[in-house]
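J.: Going line by line, the protein sequences match chains A and B. Going by the working numbering, the first residue of the first sequence is number 1, and it counts up by one from there. Going by the working numbering, the first residue of the second sequence is number 1001, and it counts up by one from there. C-beta atoms are modelled at their ideal positions from N, C-alpha and C, and glycine is treated no differently. Below is one structure. I have some questions about it.
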Amino acid sequence: MKKNTVLSRAFLFLMFLFLYAPIFVLIVFSFNDSKSNAVWGGFTLDWYVQLFQNQTVLTALRTTLLVSLLATLAATVAGTAAAIGFSSMRRRSRNLCLTVNNIPLTNPDIITGVSMMLLFVFAGQVLADLSAWLNAQSWAEQANLWFNFSFNLGFWTLLIAHITFDIPYVILSVLPRIRQLDPNLAEAALDLGASPLTAFRKVVLPELMPGIINGALIAFTMSIDDFVISYFTAGSQVSTLSMVVYSMVRRRVSPEINALSTLMFVAVLVLLIAINVRQARQDAARQRELRSAGRV
Amino acid sequence: MRSKGAAIPYVIWMALFVVAPLVLVVIYACTSRDGTPTADNFSVMLQYAAVFGRSFWLAFIATVVCILLGYPMAYILARERGRLRSMATMLIMLPMWMNFLLRTYSWVFLLERNGFFNTLLSSIGLPKLDIISTSGAVVLGMVYNFLPFMVLPIFSVIEKIDGRVIEAAQDLGASSAQVFRRVIFPLSLPGVLSGVTMVFIPSVSTFVISRLLGGGKKLLLGDLIEMQFLGSAYNPHLGSAISLVMMVIVLVSIGLMNRFGEGEGEAVLL
């Protein structure tokens, strides 16, 4: 292919400008000592100070971190187990499982969100009806029992939703690792007298680890980043950071959101760099391994 | 390893939280508020034909603009040598990983009536522009948010094209325009197809972009669905019917597109 001309370089420059300039302006104006979003009034960190005194933001931050961490933890364990299970299934049932596994990835977020909301509201209603029916029974009255199984949208439904859309990412990053796994390794461990559990813990798990950790990192960023699905499944009492951003944008409280944006951008940047550095290190290690294997 | 059992908990989980919700969407779509089967939800939806039309039209325009901007960008990037090329994937992905509410907000910030652009314009003596709250702003928001989803798959496909194929075409006397039209473009189609999917689906179902940049005046499908579930017009039955129809149209059009592009090789997923 021919080399790029000045014109195509200029086009490339304009495209990257288009992608990055808005974010850059946002970051610059988070340090602006004026409420205006156009006039520069000097440097300040006031918006960051205000942000850290804003209870709504702090509560949402806590919720976001808690949900993301718990969901990542649950999804990593469940996803790894599921990937191992999938790989030992017969082809037809494995394909069916993988198709269903792909649904949350391909479906529009809003559909995943509203369908889960429907399920939670429906289940809450059914359980409320069940409790009312049980309470109306004479034996319950005689035993002085009062049932209340009903629940509302809130932290737990949010967590279930996050686990559900996180697991597919873990599975997709663990499955290739399982395919590369040498089945003789686990058998060798068993032959040498390891119990199946020890063989899994000492031999299989370390081999899968890179895939598991990458999956966990992707799941965590997805959870932190999600807005639409949380918006529909969190109810009105609980908010994630994204939901707070949404309501702040709608109420137009500008410099504080700029500060929040900057912090979130930096956080994602750090995560992304961590993932890439890990990846680069793994690649380098694999290359070294290949090279030394070649030498022998 | 013989450990099929390990998948059982997740299979149950999927049945409960992936399949059952979609079944509920179908059930809600086909029943009225008192639970009797009805097709009313679908006939009521005819009132909103304009919203369907607008959503698909705007998402279509956004997808076309993404191809027109994203294809050359990916192509030029793939021809680069050295540092820029090795950093290309990272550079395209970085804005994609930023929270999309904030990406959308950055344009609200720039385009507002008293925002960055308008102040800039009036400071050099030009009249203010009312870009925000128009369909144009909504399309801009879609293009800005989803452009990386178009560039990345095209870039990764073009990057992997075997240089010898191109040299062979040149040796056989093809001009550079012919090389592009007959060799590079057909080989890059799978990337374009997966880019189209990844731009079109979030564009057609968005409610955030239209709410923030469109001023909430011109409804899109996403807004309509959101209103039925969380907004003033609370009616999950109608909302489910709209969701169902949207999902079916999207799946059918993506399926058709992939069938159409099947001869060109498998679509690449990211």
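Could you tell me the boundaries of the alpha helix (DSSP H) in which Trp1097 of chain B lies?
T.: Residue numbering aside, residue 1097 of chain B sits at position 97 when the second sequence is read from its first letter. Taken as a continuous stretch (DSSP letters only), the alpha helix (DSSP H) holding Trp1097 of chain B covers 1083-1097.
J.: Candidates A:Gly79, A:Leu263, A:Ala188, A:Arg291: which alpha carbon is nearest Ala1006 of chain B's?
T.: Residue numbering aside, residue 1006 of chain B sits at position 6 when the second sequence is read from its first letter. Measuring from the Cα of Ala1006 of chain B, the nearest candidate turns out to be A:Gly79.
J.: I'd like the list of long-range same chain contacts for Ser1122 of chain B, defined as Cβ closer than 7 Å, with 5 residues on each side in sequence excluded.
T.: One-based indexing of the second sequence puts residue 1122 of chain B at position 122. Excluding sequence neighbours, Ser1122 of chain B sits near Lys1128.
J.: Find the nearest neighbour of Phe16 of chain A within the set B:Glu1080, B:Gly1082, B:Ile1092, judged by alpha-carbon distance.
T.: The residue given as residue 16 of chain A occupies position 16 in the first sequence. The residue with the shortest Cα to Cα distance from Phe16 of chain A is B:Ile1092.
J.: With 16 other CB atoms within 10 Å as the buried threshold, where does Tyr20 of chain A fall?
T.: Reading the first sequence from its first residue, position 20 is the one you call residue 20 of chain A. Exposed, by the Cβ-count rule.
J.: Which one or two residues does DSSP pair with Asn32 of chain A in a beta bridge?
T.: As a position in the first sequence, residue 32 of chain A is number 32, starting the count at 1. Answer is A:Phe43, bridged to Asn32 of chain A.
J.: Which chain B residues sit within Cβ distance under 9 Å of Ala188 of chain A?
T.: Here residue 188 of chain A corresponds to residue number 188 of the first sequence, with the count starting at 1. The contacting residues do not exist; Ala188 of chain A stays about 13 Å from chain B at best.
J.: Is the distance from the Cβ of Ser1240 of chain B to the Cβ of Val1025 of chain B below 7 Å?
T.: On the second sequence, residue 1240 of chain B is found 240 positions in, with the first residue counted as 1. On the second sequence, residue 1025 of chain B is found 25 positions in, with the first residue counted as 1. Result yes, Cβ atoms of Ser1240 of chain B and Val1025 of chain B sit closer than 7 Å.
J.: Using the beta-carbon count (16 or more within 10 Å), is Tyr1234 of chain B buried or exposed?
T.: As a working mapping, residue 1234 of chain B is identified with position 234 in the second sequence. Label assigned to Tyr1234 of chain B: exposed.
J.: For a test of the three-state rule: what should DSSP assign to Gly1265 of chain B, helix, strand or coil?
T.: By one-based count along the second sequence, residue 1265 of chain B stands at place 265. At Gly1265 of chain B the pLDDT is 42, less than 50, meaning the model places this residue with poor confidence; the figure from the coordinates comes in the next sentence. In the structure shown, Gly1265 of chain B sits in coil (DSSP, three-state: anything other than H, G, I, E or B).
J.: Nearest to Thr240 of chain A by alpha carbon, out of A:Gln53, A:Asp33, A:Leu58?
T.: To locate residue 240 of chain A, count along the first sequence from 1; it is residue 240. With distances taken between Cα atoms, Thr240 of chain A lies closest to A:Leu58.
J.: Can you list, in chain order, the residues of its chain whose CB lies under 6 Å from that of Ile273 of chain A, leaving out five sequence neighbours each side?
T.: The residue labelled residue 273 of chain A in the question sits at position 273 within the first sequence. Counting only Cβ-Cβ distances below 6 Å, and skipping sequence neighbours, we find nothing.
J.: Quick one: which chain A residues come within Cβ less than 8 Å of Pro1009 of chain B?
T.: What you label residue 1009 of chain B is simply residue 9 of the second sequence in a count that begins at 1. Those are Ala78, Ala81, Ala82, listed as they occur along chain A.
J.: What three-state label does DSSP hand Thr5 of chain A in the structure shown?
T.: Here the question's residue 5 of chain A lines up with position 5 in the first sequence. Residue state, collapsed to three classes: coil.
J.: If contact means a Cβ-Cβ distance below 9 Å, which residues of the segment 1077-1092 of chain B contact chain E?
T.: Of the protein chains in this structure, namely A and B, none is chain E.
J.: Can you pull the DSSP bridge partners for Pro1037 of chain B?
T.: Along the second sequence, read from residue 1 onward, the residue named residue 1037 of chain B stands at position 37. Bridge partners of Pro1037 of chain B: B:Thr1031.
J.: Thinking C-beta only, is Leu127 of chain A closer than 7 Å to Phe149 of chain A?
T.: For the purposes of this step, residue 149 of chain A is identified with residue 149 of the first sequence, where counting begins at 1. For the purposes of this step, residue 127 of chain A is identified with residue 127 of the first sequence, where counting begins at 1. Against a cut-off of 7 Å, the Cβ pair of Leu127 of chain A and Phe149 of chain A comes out as a contact.
J.: Closest to Ala1088 of chain B by C-alpha separation, out of B:Ala1174, B:Met1246, B:Leu1152, B:Gly1035, would be which residue?
T.: The count along the second sequence starts at 1 and reaches residue 1088 of chain B at position 88. It is B:Leu1152 whose Cα lies nearest to the Cα of Ala1088 of chain B.
J.: Compute the Euclidean distance between the alpha carbons of Leu1189 of chain B and Ile1154 of chain B, then round it to the nearest angstrom.
T.: Along the second sequence, one-based indexing puts residue 1189 of chain B at 189. Along the second sequence, one-based indexing puts residue 1154 of chain B at 154. Whole-angstrom Cα-Cα distance: 8 Å.
J.: By the criterion of Cβ-Cβ separation under 7 Å, what are the contact partners of Lys1004 of chain B in chain A?
T.: Translated into the one-based positions of the second sequence, residue 1004 of chain B becomes position 4. Correct list: Gly85, Ser88, Met89.
J.: By the three-class DSSP mapping on this structure, what secondary structure does Met89 of chain A have?
T.: Working through the first sequence from its first residue, we reach residue 89 of chain A at position 89. Coil at Met89 of chain A, not helix or strand.
J.: I'd like to know whether the C-beta atoms of Phe219 of chain A and Tyr169 of chain A end up nearer to each other than 7 Å.
T.: Position 219 of the first sequence, counting from 1, holds the residue named residue 219 of chain A. Position 169 of the first sequence, counting from 1, holds the residue named residue 169 of chain A. Correcting the residue type first, residue 219 of chain A is Ala in the shown sequence and not Phe. Against a cut-off of 7 Å, the Cβ pair of Tyr169 of chain A and Ala219 of chain A comes out as a contact.
J.: Excluding five sequence neighbours on each side, which residues of the same chain lie with their C-beta closer than 6 Å to the C-beta of Leu105 of chain A?
T.: Here the question's residue 105 of chain A lines up with position 105 in the first sequence. Answer for Leu105 of chain A: Pro168, listed in chain order.
J.: Figure out for me which residue from B:Leu1256, B:Asn1258, B:Leu1244 has the closest Cα to the Cα of Phe1052 of chain B.
T.: Start at 1 with the first residue of the second sequence, and residue 1052 of chain B comes out as number 52. The shortest C-alpha separation from Phe1052 of chain B is found at B:Leu1244.
J.: Counting only C-beta atoms, is Leu1126 of chain B closer than 7 Å to chain A at any point?
T.: Here residue 1126 of chain B corresponds to residue number 126 of the second sequence, with the count starting at 1. By this cut-off, Leu1126 of chain B is not an interface position.
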